[in-house]
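J.: Okay, handing you the structure first.
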Amino acid sequence: MAGKNCVAIAGDTRFGVRNQTVALDSNRIFKINNRTLFGMTGLNTDILTLRESFKFQMNLYNLEEEREISPKTFAHNVAQTLYSKRFGPYFITPIIAGLEGEDYTPFLCATDLIGAMEFPKSFVVAGTGEESLMGVCETFYKENMEPEELFEVVSQCLLAAVDRDALSGWGSVVHVLTKDGITTKRLRTRKD
Amino acid sequence: MKKMSFFNFSLTTFSPNGKLLQIEHALKAVESGATSLGIKASNGVVIVTVKKLPTTLIDENSVKKIQKLNDGIGVIYSGLGPDYRVLISKARKKSQQYFKQYNEIIPVNIISRKVAGIMQEFTQSGGVRPFGVSLLVAGYDHNGPQLFQVDPSGSFWAWKATAIGKNSSNSKKFLEKRYKPDMEIEDAINTAILTLKEGFEGEMDEFNIEVGVIKNDKKFRILEPEEVKDYISELNL
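As they're listed, the protein sequences go chains A and B. The first sequence lines up with residues 1 to 192 when you count with UniProt numbering. The second sequence lines up with residues 1 to 237 when you count with UniProt numbering.
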């Protein structure tokens, strides 16, 4: 979700195989650099593999270009990587959130599993609880939220939505990205 | 398309005193090519070249020596024209591949490095010879205006101002005296054309030189003959 010169990205931390919960601490939101956060939902093995794959690409980018990648460029890179597997895709839904340019303009991008990009201005949702999340976010989102308010809104949206979805929950984490850095908070959810 | 190489061994091998003679010879080919020079100003880059055609019968409109690699980067050469065309083709492909991946115009130092890599490949692969061109790559990206030279050996480095081809050492001496780090682009264009005029055999006009400029709008432009004529007449005053 985007606020005023800040973005927040939140997710639950359950890793399950259908109705069996395998882990409670799976972190699916990754920091690419001080300006970009990258979250994924979907098949866990693809999440882990792509995490390593993008880490590899970004390390090389930093060394060759001698600069940090901007969120928009990273989003295009993700989309291109996903499309390169068009006929045998990675089963993930990625979300990229970041602050673009010298003005720290909020940047949001979501793609589908084969790299079709959308650049909404307000919020993006993904995962098994995405329908509940969409509803709650629509209701609670407002423009130009400051970081504290953004954190509150994002947390409440996530908590409300995971309660409605049997496959989500068991803990959650919220990252708020501003020009001063990333604040990370873990929230307690219902453990069922 | 990869050409079938019937040789498994490189034709460029070290001589006992540690030199790669093929590369030295390639540099000789560059040295006898038409003069090209470039100047990096504080707010842009200019590259110019001599377009001396062997006979007036050639349609000079069909000959374009300065080429764009993409909207933000222009190139000129000294040496063998056909080798240049092949390199431009490969460089354009690399630059588009980068754009497809990142949706961003390739930075000047990165494309220079990739082109240098291609040229180095041809000094070490089987059955091929080095390219007989040195390139001047001019561009404007997030690091500001930049001018790079790429040599047949595959080495590349950035210049503030330089000349390649015939008369390059005299031109460089001339540039050394005239170059100022805070030079503006208009000044640089005048200096570049003046430097070219110094070593020019015969009468210089808007049809036998080519001028390419990139300013902080990040769009590389090859100047029309009318614009070149204006600059030349300014110098003649």
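All C-beta atoms, glycine included, are put in the ideal place defined by N, C-alpha and C. Bear in mind the structure is a predicted one, so any value in this text is a computation, not a measurement.
1. Taking DSSP's pairing of strands, which residues face residue 238/B in a bridge?
2. Mind listing the chain B neighbours of N77/A? Cutoff is C-beta to C-beta under 9 Å, in chain order.
3. Give the straight-line distance between the Cα atoms of A116/B and P181/B, rounded to the nearest whole angstrom.
4. What is the DSSP secondary structure of I92/A, reduced to helix, strand or coil?
5. Please go through the region 62-111 of chain B and give each complete alpha helix (DSSP H) segment of 4 or more residues, from N-terminal end onward.
6. Hey, quick one: how far does the beta strand (DSSP E) through A161/B stretch, first residue to last?
7. Put I58/B into one of helix, strand or coil per three-state DSSP.
8. Look up R221/B in the DSSP assignment and give the residues it is bridged to.
9. Do D165/A and G129/A come within 7 Å of each other at the CB atom, strictly closer than that value?
10. Count the C-beta pairs between the region 163-181 of chain B and the region 204-214 of chain B that are closer than 8 Å, then say yes if the count reaches three, no if not.
11. Would you say residue 193/A faces chain B, with C-beta separation under 7 Å as the test?
12. At 7 Å on the CB atoms, spell out the chain B contacts of Q80/A, in chain order.
13. According to DSSP, simplified to helix, strand and coil, what is V124/A?
14. Indicate the three-state DSSP secondary structure (helix, strand or coil) for Y141/A in the structure shown.
15. Answer yes or no: does any C-beta atom of chain B fall closer than 7 Å to that of T73/A?
16. At a Cβ threshold of 7 Å, is M1/B touching chain A?
17. Can you pull the chain B neighbours of E64/A, defined as C-beta to C-beta under 7 Å?
18. On the DSSP bridge assignment, give the partners of N33/A in chain order.
19. Report the residue from E118/A, A8/A, A23/A, M117/A whose alpha carbon sits nearest the alpha carbon of I29/A.
20. According to the neighbour-count rule (16 or more other Cβ atoms, all chains shown, within 10 Å of its Cβ), is M1/B buried or exposed?
21. Relative to the C-alpha of G132/B, which candidate in V211/B, E121/B, D151/B, A138/B has its C-alpha closest?
22. Going along chain A, which residues have a C-beta under 9 Å from P225/B?
23. Quick test of your reading: T73/A and E104/B, contact by CB under 8 Å. State the CB separation rounded to the nearest angstrom.
24. Provide the residue(s) that pair with Q149/B in DSSP beta bridges, ordered along the chain.
25. Sorted by chain position, which residues of the same chain lie with C-beta nearer than 7 Å to N216/B's C-beta, five sequence neighbours on each side aside?
26. Tell me whether A26/B is buried or exposed, calling it buried when 16 or more other Cβ atoms sit within 10 Å of its Cβ.
27. Measuring alpha carbon to alpha carbon, tell me which of N167/B, K197/B, E186/B, F99/B ends up nearest S78/B.
28. Contact defined as beta carbons within less than 8 Å: I believe I214/B pairs with A138/B. What is the distance between those atoms, to the nearest angstrom?
29. With which residues is M117/A paired in a DSSP beta bridge?
30. Which residue from Q120/B, I23/B, Q22/B, K68/B puts its Cα closest to that of I222/B?
31. Distance, Cα to Cα, I95/A vs W170/A?
32. Across the region 133-147 of chain A and the region 111-119 of chain A, are there enough close Cβ pairs to call them in contact, namely three or more that are closer than 8 Å?
33. Starting from D163/A, follow the beta strand (DSSP E) in both directions and report where the run begins and ends.
34. Determine the DSSP secondary structure at K179/A, reduced to helix, strand or coil.
35. Determine the direct distance from the alpha carbon of L48/A to that of I41/A, and round the result to whole angstroms.
T.: Taking the geometry as given:
1. For residue 238/B there is no data in the structure shown, the boundaries of chain B being 1 and 237.
2. Q101, Y102, N103
3. 26 Å
4. strand
5. 81-102
6. 161-164
7. coil
8. V213/B
9. yes
10. no
11. Nothing can be reported for residue 193/A: it is not among the residues displayed for chain A, which extend from 1 to 192.
12. K100, Q101
13. coil
14. coil
15. yes
16. Low local confidence applies: a pLDDT of 47 at M1/B is under 50, so the model's placement there is unreliable, with the coordinate-based value given in what follows. Answer no: the Cβ-Cβ gap between M1/B and chain A never drops below 7 Å.
17. I110
18. T36/A
19. A8/A
20. Annotation note: pLDDT 47 at M1/B (below 50); position unreliable, no value reported.
21. D151/B
22. Per Cβ cutoff of 9 Å: no residues; P225/B is ~38 Å from chain A at best.
23. 5 Å
24. L136/B, W157/B
25. N43, G44, Y140
26. buried
27. N167/B
28. 6 Å
29. T111/A
30. K68/B
31. 21 Å
32. no
33. Per DSSP, D163/A belongs to no beta strand (DSSP E); it is in the alpha helix (DSSP H), 147-164.
34. coil
35. The residue you asked about is not Ile; residue 41/A is Thr in the sequence shown. If I take the Cα positions, the gap works out to 11 Å.
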